[in-house]
Amino acid sequence: MANELAKALCGFYADVGVIQQAAKSNYGQFADLPTVLSTVLPALAKHDLIQSQTFEPGLDGTTILVTTLMHVSGESIVSRLPLILGRNSNAMFALGGAITYFRRYALLSILGLSADVEADLEDYVEPSTPAPVAAKPVKPTTGQKPKTLPLSTEKGPNGESSERDKVIDSIKELPKEQAAQLLQDFRSEFKVTGTVANHITSQTHAQFIADAIKSLAK
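So, in structure tokens, the structure goes:
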């Protein structure tokens, strides 16, 4: 990365505010595009940074979203992402939805930020029809009773993942079959229904997940 752009991004990270996850979807709360823009644009401008998102045709007839992060010095980063259109009888509606969706993710990605759907864990790891699990059943190891303190949701000073995010990421890193088994055991242990990610809130939950992952590694 070019020097002036890198320096400006350091200042941007120090000043950018928390991106509020106020919008709602079928999978939980998230930050929509207007919220992301209203949060990041003032901090970008303060550090002589601007972003633009344009389109260009792909070789196979697709539409490419071109996201550019520029510094007034002329240094820039460019990201290209092909749009994937959903199945909808109204072609323009499908295109508009894809543009909004991909603009949000591309902008957050090029800035190194996250404002994702809180409850996307099951969407990532659980197949629609659970596959047979060849590995031995996940059972957390016994030991000292874990603390019941809440998991921190505060990000680090340089945007590092929060304590809760790290626990959720540890599940995402598992093979899908093992992650699905872990989620099933979590529901059984803590008597929860619905999205597991919404219920991972305490040190007790974190310890259960850590012990289960250790069992899978044996």
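Each residue of the sequence shown is one higher than the one before, counting from 860 in my numbering. Just so it is clear, CB atoms sit at the ideal spot from N, CA and C, and this is done for glycine as well.
| Check | Outcome |
| --- | --- |
| Spatial neighbours of Q910 in its chain, beta-carbon cut-off 6 Å, leaving aside the 5 residues before and after | L928 |
| Coil, strand or helix - P1009 by DSSP | strand |
| Simplified DSSP assignment, three categories, for A978 | With a pLDDT of 41 at A978, under the threshold of 50, the modelled position of that residue is not reliable, and no figure is offered here. |
| Rounded distance between the beta-carbons of Q912 and T926, thought under 8 Å | 5 Å |
| Backbone CA spacing between E1036 and S968 [nearest angstrom] | 28 Å |
| Strand pairing of V1026, partner residues [DSSP] | Answer is none; V1026 lacks a bridge partner. |
| V937 - DSSP class collapsed to helix/strand/coil | strand |
| Status (buried if at least 16 other CB within 10 Å, exposed otherwise) for I943 | exposed |
| Given G933 as reference, the closest of L924, D907 and E915 once Cα atoms are compared | D907 |
| L1080 classed as buried or exposed, judged by whether at least 16 other C-beta atoms fall within 10 angstroms | Any property of residue 1080 remains undetermined from this structure, which presents the chain solely from 860 to 1077. |
| For N1057 and L970, the rounded distance between their alpha carbons | 26 Å |
| L1008 burial status per 10 Å Cβ neighbour count (16 or more: buried) | exposed |
| Secondary structure of E1019, DSSP reduced to three states | coil |
| Bridge partners - V925, DSSP secondary structure assignment | T913 and R939 |
| DSSP state of H906 mapped onto helix, strand, coil | coil |
| DSSP three-state assignment for S932, whether helix, strand or coil | coil |
| Reduced DSSP secondary structure (H/G/I, E/B, other) of L1075 | helix |
| Check whether V895 and R939 have beta carbons under 7 Å apart | no |
| Three-state secondary structure assigned by DSSP to S897 | helix |
| Delimiting residues of the alpha helix (DSSP H) encompassing Q1037 | K1035 to F1049 |
| Residues bridged to S1061 [DSSP beta-bridge criterion] | P1009 |
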